[in-house]
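Working notes for the structure below.
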Amino acid sequence: MKCAEVLSLYHRVLSDARDFRILGSTEAALSIVKAFAEVVGNCQQDLPMGIDGLVRAAVEARPTSQAVRNLLQMFIEKSCDRISQQRVAKASLNLDTGSVVREVENYVLSAREAASELALKRIENGDTILTHSYSTTVLRLLTKAPERGLNISVYATESRPGGEGKLTASYLRRVGIKTTLIVDSAVRYVMKSVDKVFVSAEAIAANGAVVNKVGTSAIALAAKEARVRVYVVSGLYKFGTETVFGDLVAIEEAENPELVVPSERMSELAPYLGRNLHVRTPLYDVTPPEYVDAIITERGLVAPQLAIYLARELMGWPKERKTLESTISELVSLWR
Amino acid sequence: MEIAGYRVPLEVVRIREDIKTMKIRGAGNIARHGAQAIAIAAEKYSGKDLEDFKKYLKAVADYVKSARPTAVSLPNSISYVMSRLEKGRPSSVEEAVEVVTRAAREFIAYSENAVKVIAQLGAKRIERGDTLMTHCHSRASVEVIITAHRQGKVGRVYVKETRPALQGLITAAELAREGVEVVLIPDSAVRYYMKRVDKVVVGADAVAANGAVINKIGTSLVALAAKEARARVYVASETYKFSPYTIIGELVPIEVREPTEIVDFAWLAENPGVEVFNPVFDATPPEYVDAIITEKGVIPPQSAMLILVEEYGVAPTSTEHLAHAVDLE
Chain A
1 MKCAEVLSLY
11 HRVLSDARDF
21 RILGSTEAAL
31 SIVKAFAEVV
41 GNCQQDLPMG
51 IDGLVRAAVE
61 ARPTSQAVRN
71 LLQMFIEKSC
81 DRISQQRVAK
91 ASLNLDTGSV
101 VREVENYVLS
111 AREAASELAL
121 KRIENGDTIL
131 THSYSTTVLR
141 LLTKAPERGL
151 NISVYATESR
161 PGGEGKLTAS
171 YLRRVGIKTT
181 LIVDSAVRYV
191 MKSVDKVFVS
201 AEAIAANGAV
211 VNKVGTSAIA
221 LAAKEARVRV
231 YVVSGLYKFG
241 TETVFGDLVA
251 IEEAENPELV
261 VPSERMSELA
271 PYLGRNLHVR
281 TPLYDVTPPE
291 YVDAIITERG
301 LVAPQLAIYL
311 ARELMGWPKE
321 RKTLESTISE
331 LVSLWR
Chain P
1001 MEIAGYRVPL
1011 EVVRIREDIK
1021 TMKIRGAGNI
1031 ARHGAQAIAI
1041 AAEKYSGKDL
1051 EDFKKYLKAV
1061 ADYVKSARPT
1071 AVSLPNSISY
1081 VMSRLEKGRP
1091 SSVEEAVEVV
1101 TRAAREFIAY
1111 SENAVKVIAQ
1121 LGAKRIERGD
1131 TLMTHCHSRA
1141 SVEVIITAHR
1151 QGKVGRVYVK
1161 ETRPALQGLI
1171 TAAELAREGV
1181 EVVLIPDSAV
1191 RYYMKRVDKV
1201 VVGADAVAAN
1211 GAVINKIGTS
1221 LVALAAKEAR
1231 ARVYVASETY
1241 KFSPYTIIGE
1251 LVPIEVREPT
1261 EIVDFAWLAE
1271 NPGVEVFNPV
1281 FDATPPEYVD
1291 AIITEKGVIP
1301 PQSAMLILVE
1311 EYGVAPTSTE
1321 HLAHAVDLE
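Residue numbers (our numbering), protein chains in the order written: chain A, 1 to 336; chain P, 1001 to 1329.
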């Protein structure tokens, strides 16, 4: 493929991730890494100049997602390792990007598999489980339950704005799980009959706070009130490495009336929109660690405050600070 | 339409249908239309037999009451009218019709005035620069907010969309029309924005004897999030929404409506196995409510009982109401 072609494909993937045509954060991050690898493989000559901008565009497409940052960084680091091992003349530089992508993908899939396998141990026969939004990790977990002879039923919230909970409901039903769809407002109403809440994360902050689809924190609050356990199932690649250095996780807050107001009712609000009436739709919210019973990762089930302990290796902290930016410059210098 | 051998006037059938399909919404509005329906039924009666008239009106009353099981304002407004027919001891059908239509007018006037009083009392609870949040659409809470806004006290109002029927859009438009600074948000963002909220103002569909507030699904989650963030929760409610039945142990039935309010037919057809659970109301425990603002005054929710005793003559020991409970079956 030509460089121009893969570049336009890359930007299409970014806009799919941005506009949630690719829903789950892991799915989105993997698609971005794959498209990024194609660019690296096909645009060898021009790459060092533009690589910064390419990575920045990916991060901006899904600013809350730590998976995008971390998996891109993982790809670049692994690429650097390969290049520095080659010890050949730079003119004949030959990086098998496909195999690096497979390494990243294998890590992600095995992490997801391991995390869902651990989480499965927390599901008991007869459990009623509530989940929010659409997460491939949680779907993987819930699908395993009937396979292991565990009879479960699931409440799936609609998950507005976006409404991707409907996809969760129809997926779960297709794999034979008794599923009930509810509006987001009905969460406290049904919580009394729920045994456990399982959600995933868009990011996990250094203090163990969980950033996930908006509505998660209200669910966790209602769960705490009803003494229902809340589990976050997530690969460590969603750990917000920057938050260790004080950065706040960016929460996207769209101002997009179409996300809330159906087109046939827009005329009721049209005279005031943009004047004294605004429609605000945050896409994520932050669930404080004290509302989360455990974060279940590929390396074990821990208190949310301890996720940082498991994530140390991934980010090299506290020995050295490996940032996305420093990894990029390493790649660029190796390339030259 | 025939009920117990009586023909129900078309206008009455239509009112009941509009209440059932939520074309007529809001507990106060439902109550006023309920009273109106009884007055219409009385005026349309063509016989001469007083006892027959009473039986006929009772049949119509039961028929109209059955439109929405949770809306206690409806049986209360109808009882208001029907009890005056009982107490008025009319000697002819003409007199009886007169008693009934007067009672209905009285109730409607009382109800409209009640909202004005609530607006005045409620506005006093709002301080300059307050950020408010509201859920669903309630005449009483909209009036409280508008009154406070005219007094220059309202900074900004977060209005929740209120799925599935999106009544929040009506609230947003009504407040915006008055010049209030409005931010419309999805229901899922309730906790996200609660940090910025000083006071929550919501309406009620029913208030139980223990002070629990039955209101649109999601209200209890708003109240919980408010408590967590130490925002005050005010419920604006006329006293005819207080449920006399709860005092004799009745639970307030929570209406469950059609799945198609949440997903469309096409989605249901594609996903036949998925259950869609659509409860319309939830119960907010009294400990999450700071005060109920009624036309009789601002009261702590736990003293809802006082209103029931004073206003509706309900006493816990009243055997009359035990008889009524049996009657409900």
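Just so it is clear, CB atoms sit at the ideal spot from N, CA and C, and this is done for glycine as well.
- In the DSSP assignment, residue 142/A falls within the alpha helix (DSSP H) that extends over 136 to 147.
- At a cut-off of 7 Å between beta carbons, residue 16/A makes no contact with chain P.
- Shortest Cα-Cα distance from residue 227/A to any of 184/A, 115/A, 268/A and 292/A involves 292/A.
- Check the Cα spacing between residue 175/A and each of 41/A, 141/A, 8/A and 236/A: the tightest is with 141/A.
- When secondary structure is reduced to three states using DSSP, residue 1024/P falls in the coil class, being assigned neither helix nor strand.
- CA-to-CA, the gap between residue 51/A and residue 112/A works out to about 28 Å.
- Just so you know, the alpha carbons of residue 1215/P and residue 273/A end up roughly 28 Å apart.
- Along the stretch 224 to 246 of chain A, the positions whose C-beta sits under 7 Å from a C-beta of chain P are 225, read in chain order.
- Chain P has a Cβ within less than 7 Å of the Cβ of residue 278/A.
- For residue 1152/P, not one C-beta of chain A is nearer than 7 Å to its own C-beta.
- Residue 1132/P and residue 145/A have their C-alpha atoms spaced approximately 44 Å apart.
- In the structure shown, residue 212/A adopts extended strand secondary structure according to DSSP, grouped into three states.
- In the pairwise beta carbon analysis, the stretch 1059 to 1073 of chain P is classified as touching the stretch 1015 to 1031 of chain P: at least three pairs are separated by under 8 Å.
- Relative to residue 253/A, the option among 1281/P, 1184/P and 1237/P whose CA is nearest is 1184/P.
- It is roughly 23 Å from the alpha-carbon of residue 2/A to the alpha-carbon of residue 334/A.
- The beta carbon of residue 1251/P sits no closer than 7 Å to any beta carbon of chain A.
- Separation of residue 1252/P and residue 1288/P (C-alpha to C-alpha, rounded to the nearest whole angstrom) is 18 Å.
- Rounded to the nearest angstrom, the gap between the Cα atoms of residue 1022/P and residue 123/A is 41 Å.
- Within its own chain, the residues whose Cβ lies closer than 6 Å to the Cβ of residue 77/A, once the five positions on either side in sequence are excluded, are 327, listed in chain order.
- Between the stretch 1267 to 1277 of chain P and the stretch 156 to 173 of chain A, the count of Cβ pairs shorter than 8 Å is three or higher; the stretches touch.
- Interface with chain P (7 Å Cβ-Cβ cutoff): residue 282/A is included.
- In the three-state reduction of the DSSP assignment, residue 153/A falls in the strand class.
- When rounded, the separation of the alpha-carbon atoms in residue 1155/P and residue 1181/P is 7 Å.
- DSSP places residue 1158/P within a strand segment (E or B) once states are collapsed to three.
- Exposed is the label assigned to residue 1010/P, since fewer than 16 other Cβ atoms lie within 10 Å of its Cβ.
- It is roughly 28 Å from the alpha-carbon of residue 238/A to the alpha-carbon of residue 49/A.
- In the structure shown, residue 1295/P adopts coil according to DSSP, grouped into three states.
- Remark: C-beta atoms of residue 14/A and residue 67/A do not approach each other more closely than 7 Å.
- In this chain, the beta strand (DSSP E) harbouring residue 285/A covers 284 to 287.
- With a cutoff of 7 Å on beta-carbon distance, residue 1078/P and residue 1236/P are scored as not near each other.
- Residue 184/A reaches chain P at 1163, 1186, 1187, 1188 and 1218, counting residues in chain order whose Cβ is nearer than 8 Å.
- Chain A has no Cβ within less than 7 Å of the Cβ of residue 1025/P.
- When C-beta distances to chain A are compared with 8 Å, the residues of the stretch 1262 to 1278 of chain P below that value are 1262, 1263, 1267, 1270, 1271, 1273, 1274, 1275, 1276, 1277 and 1278, in chain order.
- Taking a Cβ-Cβ cut-off of 7 Å, residue 1052/P has no neighbours in chain A, whose nearest Cβ is about 45 Å from it.
- DSSP, reduced to helix, strand and coil, places residue 1090/P outside both helices and strands of the structure shown, so it counts as coil.
- Selection 136/A, 325/A, 259/A and 33/A evaluated against residue 1161/P yields 259/A as nearest (Cα-Cα).
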